[in-house]
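To start, the structure under review is shown below, and the notes come after it.
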Amino acid sequence: MPGEVEEREDPGEKQRGSEEGSIGPIHTTRGPARNKDPAREWKVCPMALFRIRRQGGIQLLVDLLDHRMTEVHRSACGALRNLVYGKANDDNKIALKNCGGIPALVRLLRKTTDLEIRELVTGQNPY
Numbered sequence: 001m002p003g004e005v006e007e008r009e010d011p012g013e014k015q016r017g018s019e020e021g022s023i024g025p026i027h028t029t030r031g032p033a034r035n036k037d038p039a040r041e042w043k044v045c046p047m048a049l050f051r052i053r054r055q056g057g058i059q060l061l062v063d064l065l066d067h068r069m070t071e072v073h074r075s076a077c078g079a080l081r082n083l084v085y086g087k088a089n090d091d092n093k094i095a096l097k098n099c100g101g102i103p104a105l106v107r108l109l110r111k112t113t114d115l116e117i118r119e120l121v122t123g124q125n126p127y
């Protein structure tokens, strides 16, 4: 019909969970690598970052820093880095501090021998 707008699925939208309390759609865009860090190539919608914080996602990720498996540490550190990186995410930095994230990261840094985890925690390339 004339005047109607057809709704199309956004290829950058991913639905995370369908249960009550889910964070809803997370919009991601893939752009050209503007810096040397390939993890920064993916950009997450600021509203998704807010929802993750509001739903307690930062606390859950901090809890995973004490997990026994190295792969879980690596994934949790990468997710936390993406949530707190940059000036626009200062509220997420405060949430990380308030839920015990700094001591948890220090504990992980002291006990891990994995160079990738050390780089994720410190932001420094150990090579």
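Under the UniProt record's numbering, the first residue of the sequence shown is numbered 1, with each subsequent residue one higher. Glycine included, C-beta positions come from ideal geometry on N, C-alpha and C.
Return the CA-CA distance between cysteine 77 and aspartate 91, expressed in angstroms with no decimal places.
In the sequence shown, the residue the question calls residue 77 occupies position 77. In the sequence shown, the residue the question calls residue 91 occupies position 91. Taking the straight line from one Cα to the other gives about 18 Å.
Glutamine 59 to valine 106, Cα distance in whole Å?
Position 59 of the sequence shown, counting from 1, holds the residue named residue 59. Position 106 of the sequence shown, counting from 1, holds the residue named residue 106. Their Cα atoms are separated by approximately 16 Å.
C-alpha gap between residue 138 and threonine 112, whole angstroms
In this structure the chain extends from 1 to 127, so residue 138 is not present and cannot be described.
Once the 5 residues before and after threonine 122 are set aside, which same chain residues still bring their CB inside 8 Å of it?
The residue given as residue 122 occupies position 122 in the sequence shown. For threonine 122, where only same-chain residues beyond five positions count, the Cβ hits under 8 Å are Leu109.
Run through DSSP, which three-state label would glutamate 19 get?
Translated into positions along the sequence shown, residue 19 becomes position 19. Annotation note: pLDDT 45 at glutamate 19 (below 50); position unreliable, no value reported.
Give the straight-line distance between the Cα atoms of alanine 95 and methionine 69, rounded to the nearest whole angstrom.
As a working note, residue 95 is residue 95 in the sequence shown. As a working note, residue 69 is residue 69 in the sequence shown. Spanning the two alpha carbons is a distance of roughly 24 Å.
With 16 as the cutoff for other CB atoms within 10 Å, does arginine 54 come out buried or exposed?
Mapped onto the sequence shown, residue 54 falls at position 54. With fewer than 16 Cβ atoms within 10 Å of its Cβ, arginine 54 is classed as exposed.
Round the Cβ separation of leucine 120 and arginine 74 to the nearest angstrom and send it over; I've been treating them as touching at under 8 Å.
By 1-based counting over the sequence shown, the position of residue 120 is 120. By 1-based counting over the sequence shown, the position of residue 74 is 74. About 7 Å; that satisfies the 8 Å criterion.
Return the first residue and the last residue of the alpha helix (DSSP H) that threonine 122 is part of.
Within the sequence shown, residue 122 is the residue found at index 122, counting from 1. Start and end: 115–122.
Nearest to methionine 47 by CA position, among Ala79, Asn125 and Ala88, is which residue?
Walking along the sequence shown from the start, residue 47 turns up at place 47. Ranking Ala79, Asn125 and Ala88 by Cα distance to methionine 47 puts Ala88 first.
By the 10 Å Cβ neighbour count, where 16 or more other Cβ atoms means buried, how is arginine 30 classified, buried or exposed?
To locate residue 30, count along the sequence shown from 1; it is residue 30. Annotation note: pLDDT 47 at arginine 30 (below 50); position unreliable, no value reported.
Buried or exposed: where does valine 72 fall if 16 or more other Cβ atoms within 10 Å of its Cβ makes it buried?
Numbered from its first residue, the sequence shown carries residue 72 at position 72. Exposed, because fewer than 16 other Cβ atoms sit within 10 Å of the Cβ of valine 72.
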